[in-house]
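Residue numbering for the sequence shown follows this note's numbering, beginning at 163 and increasing consecutively. First comes the structure, then the notes that go with it.
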Amino acid sequence: MSTPRDLLYVTLDVPGDRPVEQGDLSLALAGAELVDLLAGGAAFLDGDRIRPGLRTVTDDRLLDAAGAALVGEAPYESVEDWLWRRGDGLAASYGAALDAEEHPGGSRHRWRPGRPAAGAAGGAPSAARQAAAGRWTAREPVLVALAAALGIEPEAAGAEPPAEPDDDAVVTVVAAVADAVTELEAVRQRRRVEDAAFDNIWRSP
């Protein structure tokens, strides 16, 4: 089970209220990596600081890279700082890895969050994609919470709200992801306002 990869599949296969921005996805993927590192004992939280745990090697190159990237000295790194540092360009890295796995030795395709991945409609989904769909259908709390930060909600009219993650450390990570995504959108909004004001100056008679 890889929470970052499952989250990426969700962004590809489940429609949301708005397109998923790559910057938002990168932040959420960094959070998903941290969730898996916490679950595997490779990290633990001391307040909002991430302390390295047992160094592990998995069959997931990107998750191993995340573990190796943990700050190993006091005062350690806050969850917020981890999201911004580790998340830099992370969506592109996971997109390239997914592409290589789904098209080994073949032509590569650009993927877009919120749209079916290339080749998804032309054949049976991969085992990894089916596993991600299973977690989503089961409304697994961590996956649903991370997706919600990206504006993606389960489509189940009249169903009970998804359960909250029951681990305090995971709740801290998910909350930090939501805050970071909100902050990034605020930055984009300010830039749009500034760009519009600049355009108006040049258009004025």
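Think of the CB as a built atom: it goes at the ideal place given N, C-alpha and C, for glycine as much as any other residue.
For secondary structure counted as the beta strand (DSSP E) over 3 or more consecutive residues, the segment 192-280 holds these complete runs in sequence order: 205-208 and 211-214.
Look at alanine 307 here: in three-state DSSP terms it is helix. Under the three-state reduction of DSSP, leucine 174 is assigned to helix. From the listed residues Gly215, Val241, Ala236 and Glu242, the smallest Cα separation to alanine 230 is found for Gly215. For valine 176, the CB contacts under 6 Å within the same chain, skipping 5 residues up- and downstream, are Ile314 in chain order. DSSP places valine 333 in the helix class (H, G or I) of the three-state scheme. Sequence-distant partners of alanine 342 (beyond 5 residues in either direction) whose C-beta falls short of 6 Å from its own C-beta, in its chain, are Leu189 and Leu245. Per DSSP, reduced to three states, the secondary structure at glycine 296 is helical. By the Cβ test, the segment 237-257 is in contact with the segment 186-201, since at least three Cβ pairs between them sit closer than 8 Å. For the pair valine 306 and tryptophan 298, the CB atoms are nearer than the 9 Å cut-off. With 16 or more neighbouring CB atoms inside 10 Å of its own CB, glycine 257 falls in the buried class. Distance between arginine 167 and glutamate 239, taken at the CA atoms: about 24 Å.
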